[in-house]
């Protein structure tokens, strides 16, 4: 008589799923606050900007409901049954496709903004290509999980999962790299302006690295620790990282004239700094302590709005 297969470790099976759902829920709450701030502040924003945010909120709500359902099913509906340990929750099959339905529009939106900031077609085209490949990988993952829903089969989905998460991480790296490069080459010899650009560069790196790190951690745990669900701790909140990053960037724009000098630097909605002076001396000329105050102006093509930042006198 053959021995029965060993039962999976319940802690490693459902523990990461539960932690991933909790983190997803926390980020969903933050997202709702961000969305409320956006609609309250930017009532005159472009219509399709507002519809994009609405679409993201609807899709994130669907993602959150599915995540609650996928942990409710094994722990409550299938409690103390062998089926809960063998077959993955039905709602888990929607995870990848909903994630790419959120991340891909965001990546394409940022690619458009990169095109505006860098005035280049090459980098945005590469970013869009990775975004589309990522979308195809996410759809493939959902398809194959639907066909093979057992936990034991999850280790055989390497090509689909790798295509999805590697292309997503690569897209985020190119997004960050292109923004950093476009800002770096625009540096001047003026200390105040360069300091401001450095702040924008740091913000670009922080924003892009969070989403890229989430995708890579998801992939690394999936590949290196088969037979567990540890990767879902980073997989479930992944879409929320994208949406919060985008909406927080939209909210970082000055929303009234008096706030334009107090808002944090905005990566996607500020253009190349143009130095305005009250006299005609060259930018390369060292200013004296009696030089008049200068301003750094940013023209946002998408909003037809000009923002001005006082940088004061040179020391």
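Numbering (our numbering), first residue to last: 30 to 344.
In this text, a Cβ means the ideal position worked out from N, Cα and C, and glycines have one as well.
By the Cβ rule, the region 130-138 counts as touching the region 265-276, because three or more pairs are nearer than 8 Å. Counting only residues of its own chain and dropping the five nearest sequence neighbours on each side, residue 266 has a CB closer than 6 Å to the CB of 52, 53 and 56.
Sixteen is the threshold: since fewer than 16 other Cβ atoms of the shown chains lie within 10 Å of the Cβ of residue 90, the residue is exposed. About 5 Å separates the beta carbons of residue 250 and residue 259, which is inside the 8 Å limit, making them a contact pair.
By the neighbour-count criterion, in which 16 or more other beta carbons inside 10 Å mark a residue as buried, residue 182 falls on the exposed side. Counting other Cβ atoms within 10 Å of its Cβ, residue 235 stays below 16 and is therefore classed as exposed. In this model, residue 108 and residue 59 are separated by some 31 Å (Cα to Cα).
The alpha carbon of residue 256 has as its nearest neighbour, out of 117, 73, 195 and 85, the alpha carbon of 117.
In this structure, 202 is the residue among 43, 283, 194 and 202 with its C-alpha nearest to the C-alpha of residue 140. Exclusion of the five residues before and after residue 138 leaves 81 and 275 as the residues of its chain whose Cβ lies within less than 8 Å of its Cβ. In the three-state reduction of the DSSP assignment, residue 179 falls in the strand class, which pools E and B. For residue 185, the closest of 170, 38 and 196 by C-alpha to C-alpha distance is 170. The three-state secondary structure of residue 123, taken from DSSP, is helix. By the Cβ-count criterion, residue 194 is buried, with 16 or more other Cβ atoms from all chains shown falling within 10 Å of its own Cβ. A distance below 8 Å separates the beta carbons of residue 121 and residue 174. In the three-state scheme derived from DSSP, where H, G and I count as helix and E and B as strand, residue 257 is classed as coil. It is roughly 8 Å from the alpha-carbon of residue 63 to the alpha-carbon of residue 280.
Residue pairing for residue 116: DSSP places it in a beta bridge opposite 179. Shown here for residue 128: same chain residues with a beta carbon closer than 8 Å to its own, the five before and five after excluded, namely 92, 167, 264, 267 and 268 in chain order. In the three-state reduction of the DSSP assignment, residue 251 falls in the helix class, which pools H, G and I. Within 10 angstroms of the beta-carbon of residue 237 lie 16 or more other beta-carbons, which makes it buried.
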